[in-house]
Every structure is written in C-alpha cells, then in structure tokens.
Amino acid sequence: MRKAIDAHVHILPETMLGRTDSALKTKAEKFGIFVYENGETCRRVPPYFESTSFSTEALLATIGQFGIEKAVILQSFTFRINEEVAEAVAKYPDKLKGAMVIDPRDEDSVAQMRFWHKRGLTILKFEMSTVQGFSHPRAYPEMRFDGADVMKLFDEAEKLGITVAVDPSPVFGNGYQVDALKKAIETHPKLRFVICHLCFAMPDYLNDGKKEPSGRECARLHRMTMCG
Numbered sequence: 123m124r125k126a127i128d129a130h131v132h133i134l135p136e137t138m139l140g141r142t143d144s145a146l147k148t149k150a151e152k153f154g155i156f157v158y159e160n161g162e163t164c165r166r167v168p169p170y171f172e173s174t175s176f177s178t179e180a181l182l183a184t185i186g187q188f189g190i191e192k193a194v195i196l197q198s199f200t201f202r203i204n205e206e207v208a209e210a211v212a213k214y215p216d217k218l219k220g221a222m223v224i225d226p227r228d229e230d231s232v233a234q235m236r237f238w239h240k241r242g243l244t245i246l247k248f249e250m251s252t253v254q255g256f257s258h259p260r261a262y263p264e265m266r267f268d269g270a271d272v273m274k275l276f277d278e279a280e281k282l283g284i285t286v287a288v289d290p291s292p293v294f295g296n297g298y299q300v301d302a303l304k305k306a307i308e309t310h311p312k313l314r315f316v317i318c319h320l321c322f323a324m325p326d327y328l329n330d331g332k333k334e335p336s337g338r339e340c341a342r343l344h345r346m347t348m349c350g
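Residues in the sequence shown are numbered consecutively from 123, following the numbering used here.
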C-alpha cells in the first residue's frame, strides 16, 4: 500500500492566544478569530477551537485517524513559530517534517537559515500571500522572488539541500510573480521548489479571459520543479 503524506499542515500553539504578531500587528483571539491592525476580523479555524490552538499531538491524532503516515508542518510570516515547529520535529522525527520562515530583509537571514536547518527544519516556507505574507501592504509589497535579498536565501537553501515551499498570492496579487519565480527556479537548478495551492488555480479562472492565461503560466512552473 502506498504511503499517505500530507505535505501542508499547520499547528497553532496555545501561546498565540491573546498575542499580537509583531510583523503585521495581527492579534489572535478566542474561537479562531484573528483581528487585523485595521480592526477587520477573520476566522481562520472553526469556532470550536475555543483557545485558537491546535497542538502537535492534536495534529498527529488527526492524521492518524485518516491513515496519513507523515506530515509537513508549514507556517506563515504572521506569527512565526520556528521554535515550536523545530520542537515538534525533534519530538516526532519519524512522523513530521517542518518548515522555517525567514525574513529576507534581516541582515542575518542566512545565519538564521543555517541555525534552523541545524535544528532540523529542512524546508523554507516563502509566504507571499497578501493576507499574511511578505507581499502584505504593511510588509514588503515590493518584494520579488528574483530580488537580491530573496535570491541570497535561495542560494543558501540550494547549498544546504533545503526545499523551498512557495505560497503565492492569487493572480494579480503582489506576490503572483510568475516571471520572477521562473527566474529563481532557472537560476537554482538543484534547488527543490514546491508551489503551494496549485498556484491558486481557482475554477473561475476558466471564465476569466485575463486571469486564465496568467494562471496557466504559473501552473507550468510545476513542470520545472523537481517536486511540485
């Protein structure tokens, strides 16, 4: 029987509740509610998650119920939890792999990558969504996949054998940079890229003459990656 692996899962540590993220000023409240700096709210998990938490053990129990043997813990620019993910991977090395999130604009970004790689995180999650990623209007909306800061991280990831998981924004979002991502992939032939969410290929793209061609261009990048 083939092994079932979930390549995109999340954990929500209890320590997030009541905290305000330093990057995008997002606050985690009870019942799965997150409050943005402008006062808008979003429910990211169902309301029966009263403490807005989902532990590593809860994750393992859930994947076990569905016959999933292993899982990869990802995260985002908002509420970075490198320490918690590293602890989960160290505690359950046969079940879990984990991704780090590094801010490319940090002066010590490469040193951070090396540190978390030694702690067992073998994936770099590059979140470019406009909701909780680098392309957020209050973060780095001008950031590009082929920018010097980002390419520096890709250079080091290639040396260390780290996989890069890219979470783009929807078509026409600041992070939806097909040409720039293509350049990054071509420049790093030995670096494994994974494009999350199938490039946000939503069904309505088929009926949108502007979105459909761009969506297909991103989907073609999967063929260029070693695993996508």
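C-beta atoms are modelled at their ideal positions from N, C-alpha and C, and glycine is treated no differently.
Computed from a prediction, not measured in an experiment: that's the story for all the values here.
From VAL288, ASN296, PHE276, pick the residue whose C-alpha is nearest to that of PRO311; which is it?
-> The count along the sequence shown starts at 1 and reaches residue 311 at position 189. Nearest of VAL288, ASN296, PHE276 to PRO311, Cα basis: PHE276.
Could you say which of GLU209, GLY255, LEU243, LYS217 lies nearest to PRO226 if we only look at CA atoms?
-> Taking the first residue of the sequence shown as position 1, residue 226 is located at position 104. Of the candidates GLU209, GLY255, LEU243, LYS217, the residue whose Cα lies closest to the Cα of PRO226 is GLY255.
Burial state of PHE199 (16 or more Cβ within 10 Å) | As a first step, residue 199 is located in the sequence shown; it is residue number 77 there, counting from the start. By the C-beta density criterion, PHE199 is buried, having at least 16 other C-beta atoms within 10 angstroms.
Assuming GLY140 contacts ALA126 (C-beta within less than 8 Å), just tell me the rounded distance between them.
-> As a position in the sequence shown, residue 140 is number 18, starting the count at 1. As a position in the sequence shown, residue 126 is number 4, starting the count at 1. Incorrect: roughly 35 Å between the Cβ atoms, too far for contact.
Jot down the residue ranges of each uninterrupted alpha helix (DSSP H) in the region 274-323, minimum 4 residues, whole runs only, in chain order.
-> Segments of the alpha helix (DSSP H) lying fully in the region 274-323: 300-309.
Going by C-alpha distance, which of MET273, PHE201, GLY220, THR244 is nearest GLU136?
-> Numbered from its first residue, the sequence shown carries residue 136 at position 14. Measuring from the Cα of GLU136, the nearest candidate turns out to be PHE201.
Taking TYR214 as the reference, give the member of GLN187, GLU191, GLN197 with the closest Cα.
-> By one-based count along the sequence shown, residue 214 stands at place 92. Nearest of GLN187, GLU191, GLN197 to TYR214, Cα basis: GLU191.
Rounded distance between the beta-carbons of LEU303 and LEU358, thought under 8 Å | Here the chain comprises residues numbered 123 to 350, so residue 358 is not present and cannot be evaluated.
Whose C-alpha, out of ALA193, ALA261, HIS132, is nearest the C-alpha of THR148?
-> Stepping through the sequence shown from its first residue, residue 148 is reached at position 26. Ranking the options by Cα distance to THR148, first place goes to ALA261.
To the nearest angstrom, report how far apart ILE195 and ILE284 are at their CA atoms.
-> Position 73 of the sequence shown, counted from the start, is the residue given in the question as residue 195. Position 162 of the sequence shown, counted from the start, is the residue given in the question as residue 284. Using only the alpha carbons, I get a separation of about 14 Å.
Do the region 218-236 and the region 164-174 meet, that is, are 3 or more Cβ pairs less than 8 Å apart?
-> The region 218-236 makes no contact with the region 164-174, as fewer than three CB pairs between them are under 8 Å.
Residue(s) in a DSSP beta bridge with ALA221 | As a position in the sequence shown, residue 221 is number 99, starting the count at 1. Per DSSP, ILE245.
Between GLY189 and LYS219, what straight-line distance do the alpha-carbon atoms span, to the nearest angstrom?
-> By one-based count along the sequence shown, residue 189 stands at place 67. By one-based count along the sequence shown, residue 219 stands at place 97. If I take the Cα positions, the gap works out to 17 Å.
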